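Using my numbering, the first residue of the sequence shown is number 73, and each one after it goes up by one. First the structure, in the form of structure tokens, and then the observations on it.
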Amino acid sequence: PEPSRDWLNPHLGYLHTASARQKIRQWFRAQDREQAIGGGRETLERELLRAGVGGPGRPELTDLDELAVTHDFESGDDLLAAIGFGDLDAQVLAARLLERQLLEPDPDPARQDAREVAGVSVGGSSDVMSQPASCCSPVPGDDVVGWVSRGHGIMIHLRDCLDMVHTPEPERIIDIDWGRKRRHHYPVKVNLEVIDRPGVLRDIAVLVSNMGINMRATHSSRSKERAGTQTLTLELEVDESTQVLHALGRLEGLPVVLSARRIVV
73 PEPSRDWLNP HLGYLHTASA RQKIRQWFRA QDREQAIGGG RETLERELLR AGVGGPGRPE
133 LTDLDELAVT HDFESGDDLL AAIGFGDLDA QVLAARLLER QLLEPDPDPA RQDAREVAGV
193 SVGGSSDVMS QPASCCSPVP GDDVVGWVSR GHGIMIHLRD CLDMVHTPEP ERIIDIDWGR
253 KRRHHYPVKV NLEVIDRPGV LRDIAVLVSN MGINMRATHS SRSKERAGTQ TLTLELEVDE
313 STQVLHALGR LEGLPVVLSA RRIVV
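Structure (structure tokens):
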């Protein structure tokens, strides 16, 4: 007859020596290992699919032995078993594979440039290559989440971005942190309600320039709700979220500015 797990209960008195108990544990471990390998494979394939590694709908597990060696396992089955037993986080592994894929040369220069925009950390794996979403324009210091796109890496969104709040696929949202700080300028849109008078845009431009912030674009329209006012939309280039808050405070300090807020779609 096959061993029973009850045999391992010392209070039942089936086994009288430590070596006998060890042999029974090894037997169960061998049986459980096959299930763990199967479960680990399913889990890793699911995480690779979410991360878009290998292409949409095409997770690749062809180099498992090579992958195992780089993570201190003797074989691909050992790596899958570790995932199945819960000793290795498949999301972290998928993030590392995604980083490797995204670091490969891209024939499209525009996409290659976009990858260098921001660094984030996923599950302890630092600097997974990613890019900020244009809908909410997050910057370092913001509370953010990652959206695992299909074939394009991780998109960084504000945690309260409406696209994330109302997504029909919440399982593609992952927790992320900003990675090591890189010197980079991030576009942020700011909405100002100002008094409609000559020179108002000049005053704002001078203040922004004196703060060392580049103002990339402006758009103005007369307010339909309050006579004698207009609405300005500015696109600023900042390094991090604290710079945005500082700029909003300085702008609201101008006599011509009635209100200032960051635009988050």
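Don't be surprised by glycine CBs; every beta carbon is placed ideally from N, CA and C. This one's a predicted model, so the numbers in the text were calculated from it and none came from an experiment.
* To do: Put residue 248 into one of helix, strand or coil per three-state DSSP.
  => Working through the sequence shown from its first residue, we reach residue 248 at position 176. Coil at residue 248, not helix or strand.
* Asked: How would you call residue 156, buried or exposed, if buried means at least 16 neighbouring beta carbons within 10 angstroms?
  -> For this step, residue 156 is matched to residue 84 along the sequence shown. Buried, since its Cβ has 16 or more Cβ neighbours within 10 Å.
* To do: Pick helix, strand or coil for residue 292, following the three-state DSSP scheme.
  => Counting from one through the sequence shown, the residue named residue 292 turns up at place 220. Residue 292 falls in the strand class under three-state DSSP.
* Asked: Under 7 angstroms between the Cβ atoms of residue 113 and residue 152?
  -> Taking the first residue of the sequence shown as 1, we reach residue 113 at position 41. Taking the first residue of the sequence shown as 1, we reach residue 152 at position 80. In this structure, residue 152 lies closer than 7 angstroms to residue 113 by Cβ.
* Asked: Would you say residue 330 and residue 243 are within 7 angstroms of each other, going by their C-beta atoms?
  -> Position 258 of the sequence shown, counted from the start, is the residue given in the question as residue 330. Position 171 of the sequence shown, counted from the start, is the residue given in the question as residue 243. No, these two residues do not count as a Cβ contact at 7 angstroms.
* **Nearest-angstrom Cα separation, counted from residue 141 out to residue 338** => Any property of residue 338 remains undetermined from this structure, which presents the chain solely from 73 to 337.
* Asked: For the beta strand (DSSP E) that contains residue 334, what are its first and last residues?
  -> Reading the sequence shown from its first residue, position 262 is the one you call residue 334. That run of the beta strand (DSSP E) goes 329-334.
* Check residue 155 in the structure and name its three-state DSSP category. => Taking the sequence shown and counting its residues from 1, the one referred to as residue 155 is at position 83. Residue state, collapsed to three classes: helix.
* If we count Cβ pairs, one from each stretch, closer than 8 angstroms, do we get three or more for the stretch 271-291 versus the stretch 302-317? -> yes
* Asked: How big is the Cα-Cα spacing for residue 241 and residue 106?
  -> Counting from 1 along the sequence shown, the entry for residue 241 is found at position 169. Counting from 1 along the sequence shown, the entry for residue 106 is found at position 34. Using only the alpha carbons, I get a separation of about 32 angstroms.
* If you count every other CB in all the chains shown that lies within 10 Å of the CB of residue 144, and 16 or more means buried, which is it? -> Residue numbering aside, residue 144 sits at position 72 when the sequence shown is read from its first letter. Here residue 144 is exposed, its C-beta having fewer than 16 other C-beta atoms within 10 Å.
* To do: My understanding is that residue 154 touches residue 115, with C-beta atoms under 8 angstroms, so please give their C-beta distance in whole angstroms.
  => To locate residue 154, count along the sequence shown from 1; it is residue 82. To locate residue 115, count along the sequence shown from 1; it is residue 43. That pair is no contact at about 11 angstroms.
* Nearest to residue 245 by CA position, among 260, 257, 226 and 261, is which residue? -> Along the sequence shown, one-based indexing puts residue 245 at 173. When each option's Cα is compared against that of residue 245, the closest is 226.
* Kindly identify the DSSP beta-bridge partner or partners of residue 227. => Taking the first residue of the sequence shown as position 1, residue 227 is located at position 155. BP columns for residue 227 point to 203 and 219.
* Which class does residue 160 belong to by DSSP, given the choice of helix, strand or coil? -> Your numbering for residue 160 matches position 88 in the sequence shown. Collapsing the DSSP output to three states places residue 160 in coil.
* **Beta-carbon proximity list for residue 218, same chain, < 6 angstroms, skipping 5 on both sides** => Translated into positions along the sequence shown, residue 218 becomes position 146. Excluding residues within five positions, the ones whose Cβ falls inside 6 angstroms are 226, 246 and 248.
* Asked: What whole-angstrom Cβ distance do residue 328 and residue 267 have, given they're in contact under 8 angstroms?
  -> On the sequence shown, position 256 is the one that residue 328 refers to. On the sequence shown, position 195 is the one that residue 267 refers to. Right, the Cβ-Cβ distance comes to about 5 angstroms (below 8 angstroms), so this counts as a contact.
* To do: Determine the direct distance from the alpha carbon of residue 282 to that of residue 347, and round the result to whole angstroms.
  => For residue 347 there is no data in the structure shown, the boundaries of the chain being 73 and 337.
* CB residue 230 to CB residue 220, shorter than 7 angstroms? -> Here residue 230 refers to the residue found at position 158 of the sequence shown. Here residue 220 refers to the residue found at position 148 of the sequence shown. For residue 230 and residue 220, no; Cβs fall outside 7 angstroms.
* residue 287 in three-state terms, based on DSSP -> As a first step, residue 287 is located in the sequence shown; it is residue number 215 there, counting from the start. Three-state result, residue 287: strand.
* Asked: Is the distance from the Cβ of residue 278 to the Cβ of residue 316 below 7 angstroms?
  -> For the purposes of this step, residue 278 is identified with residue 206 of the sequence shown, where counting begins at 1. For the purposes of this step, residue 316 is identified with residue 244 of the sequence shown, where counting begins at 1. Going by C-beta atoms, residue 278 is not nearer than 7 angstroms to residue 316.
* Asked: Buried or exposed: which applies to residue 91, given that a residue is buried once 16 or more other Cβ atoms fall within 10 Å of its Cβ?
  -> On the sequence shown, position 19 is the one that residue 91 refers to. Per the 10 Å Cβ criterion, exposed.
* Taking the CB atoms as reference points, tell me whether residue 303 and residue 313 lie closer together than 7 angstroms. => Counting from 1 along the sequence shown, the entry for residue 303 is found at position 231. Counting from 1 along the sequence shown, the entry for residue 313 is found at position 241. Taking 7 angstroms as the cut-off, the Cβ atoms of residue 303 and residue 313 do not count as close.
* Asked: When DSSP builds the beta bridges, which residues end up paired with residue 302?
  -> Taking the first residue of the sequence shown as position 1, residue 302 is located at position 230. Answer by DSSP bridge pairing, in chain order: 266 and 294.
* What did DSSP end up calling residue 242 once you bin it into helix, strand or coil? -> Here residue 242 refers to the residue found at position 170 of the sequence shown. Reduced to three states, the DSSP call for residue 242 is helix.
* Kindly give me the distance between the Cβ atoms of residue 333 and residue 263, rounded to whole angstroms, as I take these residues to be in contact under 8 angstroms. => Here residue 333 refers to the residue found at position 261 when the sequence shown is read from its first residue. Here residue 263 refers to the residue found at position 191 when the sequence shown is read from its first residue. Yes, residue 333 and residue 263 are in contact; Cβ-Cβ is about 5 angstroms, under 8 angstroms.
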